[in-house]
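First comes the structure, then the notes that go with it.
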Amino acid sequence: MNRPLYLIDVEGVLVVDKSYRPVAGSVAWLNGLGDRGIRWRLVSNNTTHRPDELVAALNDAGFVVPSDHLSGALTTGLAQLQREGWRRLNWLGAHRLRGWLREQGFSLTDESTGACDAVVLGVSPELTLGQLDRAMTQLREGAVLMCLHRNRFWLDRGGRPRLGPGALAAALLAAVPGARCLTAGKPEPAVYQDALKSLGGKPADALFISDDPFTDLVGARQLGIATVFVLSGKYQSADVLDELPRDQRPDLVLQRADQLSQDHA
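Throughout, my numbering is defined as the position within the sequence shown, counted from one, plus 1002.
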């Protein structure tokens, strides 16, 4: 797998979880890629931080991440909402981003103003069953479901698994089978293609590294990108790959990204 371009997931690869504590060896590994002639981009499903906040958090942790080296589900999804003219949102994501979304030109519904253009699913530690019930009603009334990514679950600051947008979207679509649903981040092609375009590369030039074989790596493989599954995040055993057909399994499994040697590359 001689691939000069790396597309790299963030949580579970570079940092352990929402604490943004670096995975062992990851800071030196990422910061040394340029010395090995490898160009890279971060491709993140993060929906709890503004893009500039995420870059700042990584730089504070010791990584050297230029602002133009991040592609993500949040920016991809918001751009799609803006293109479609869907500006009235029921935001089922992190509460801390509500002010920032208003700055981007969106209006956010609350319990007293029910109608919306789109129900937007991100990662929300504060999400309640009542909010999902209300979203179900809005979907029945014709709102679009925008699922910012399809991760089954995510790890909070304490490393605890929490239901992800993929699982919540499945529940809402089971309740409203006719609802229109769009996905912005991984495993949909756009977020990978944005990163490749910024590098001026093709899928055959790239290697995708992630701790999520079901969304991140399956999506990459469908585009012809080679894949590496690391066991430093959501999963500590490769046994989880038994859930995937053989043609969807990663090309390589490693404990951590810094074990990806020049020979592997």
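The beta carbon of each residue, even a glycine, is placed where N, CA and C say it ideally should be.
Looking only at C-alpha atoms, which of the options sits nearest to residue i?
i     : options                    : result
L1032 : V1045, F1065, F1231        : F1065
H1051 : G1101, L1201, S1200        : G1101
D1019 : A1222, G1074, G1235        : G1235
W1156 : P1167, F1231, D1112, S1028 : P1167
A1075 : E1128, R1005, E1105, M1148 : M1148
L1134 : Q1106, G1107, W1093, D1119 : W1093
L1080 : E1105, Q1238, N1061, L1262 : E1105
L1044 : C1118, K1188, M1138        : K1188
L1072 : L1123, N1047, R1136        : N1047
V1146 : D1037, Y1237, G1087        : G1087
C1183 : G1036, D1119, V1220, D1218 : D1119
A1063 : P1191, V1017, L1174        : V1017
P1191 : A1173, D1218, R1005        : D1218
F1193 : Q1082, G1107, G1144, G1034 : Here residue 1193 turns out to be Val, not Phe, going by the sequence shown. Looking at the Cα atoms, Q1082 is the closest of the given residues.
Compute the Euclidean distance between the alpha carbons of residue i and residue j, then round it to the nearest angstrom.
i     : j     : result
T1229 : S1021 : 26 Å
S1126 : G1095 : 4 Å
H1151 : V1121 : 13 Å
G1039 : H1097 : 40 Å
L1246 : F1216 : 8 Å
A1208 : R1142 : 41 Å
L1056 : V1012 : 10 Å
A1267 : G1132 : In this prediction, A1267 scores a pLDDT of 48, lower than 50, which makes its location untrustworthy; no coordinate-derived value is stated.
D1158 : D1112 : 25 Å
R1164 : D1054 : 24 Å
I1010 : A1222 : 11 Å
T1049 : G1116 : 23 Å
L1243 : T1139 : 36 Å
A1171 : P1068 : 33 Å
G1180 : Q1238 : 37 Å
A1137 : G1203 : 39 Å
L1103 : G1124 : 13 Å
V1220 : T1077 : 21 Å
A1169 : R1154 : 5 Å
CB-CB under 6 Å to residue i, same chain, minus the five flanking residues each way: which ones, in chain order?
i     : result
R1041 : L1007, L1201
A1240 : V1255
G1269 : This structure cannot settle anything about residue 1269, because the visible part of the chain is limited to 1003 through 1267.
P1205 : L1225, G1226, I1227
Q1084 : none
T1185 : C1149, R1152
D1070 : none
Q1257 : L1233
If I follow the unbroken beta strand (DSSP E) through residue i, where does it start and stop?
i     : result
L1225 : Neither: L1225 is in no beta strand (DSSP E) and is coded neither H nor E.
Y1194 : Premise fails: Y1194 lies in the alpha helix (DSSP H), 1191-1201, not in any beta strand (DSSP E).
R1164 : 1163-1165
A1208 : 1208-1212
G1074 : 1072-1074
C1183 : 1183-1185
F1155 : 1155-1157
Consider the Cβ of residue i: report whether some Cβ of chain C lies at a distance smaller than 8 Å.
i     : result
A1075 : Annotation note: the requested chain C is absent from the structure, which comprises a single protein chain.
Short of 8 Å in beta carbon distance, which residues of its chain neighbour residue i, apart from the five on each side in sequence? Order them along the chain.
i     : result
D1265 : Reliability fails at D1265, whose pLDDT of 48 lies under 50, so the model's placement of it is uncertain and the value that follows must be treated cautiously. None.
A1030 : D1260
S1109 : R1089, R1090, L1091
V1015 : V1025, S1028, I1211, S1212, D1213, V1232, S1234, G1235, A1259
Report all residues from its chain with a CB closer than 7 Å to the CB of residue i; omit the five preceding and five following residues, and keep chain order.
i     : result
A1059 : Y1022, H1051
E1128 : H1097
S1263 : none
R1005 : D1207, A1208, L1209, A1228, A1267
V1178 : M1138, L1141, R1142
A1176 : none
Please report the residue range of the alpha helix (DSSP H) in which residue i lies.
i     : result
L1099 : Per DSSP, L1099 belongs to no alpha helix (DSSP H) and is neither H nor E.
W1031 : 1028-1033
S1009 : In the sequence under discussion, the amino acid at residue 1009 is Leu, which differs from the Ser named in the question. Unbroken run through L1009 is the beta strand (DSSP E), 1007-1010; no alpha helix (DSSP H).
L1141 : 1131-1142
E1060 : Inspection of the sequence shows that residue 1060 is occupied by Leu rather than by Glu. 1053-1062 is the span of the alpha helix (DSSP H), which, as asked, contains L1060.
Confirm the yes/no value for this check: CB of residue i, any heavy atom of the ligand NAP, distance under 7 Å.
i     : result
K1020 : Of the ligands one can find in the structure shown there are none, so the ligand NAP has no counterpart to examine.
Would the segment 1184-1199 and the segment 1248-1257 be scored as touching if the rule is three or more Cβ pairs under 8 Å? no
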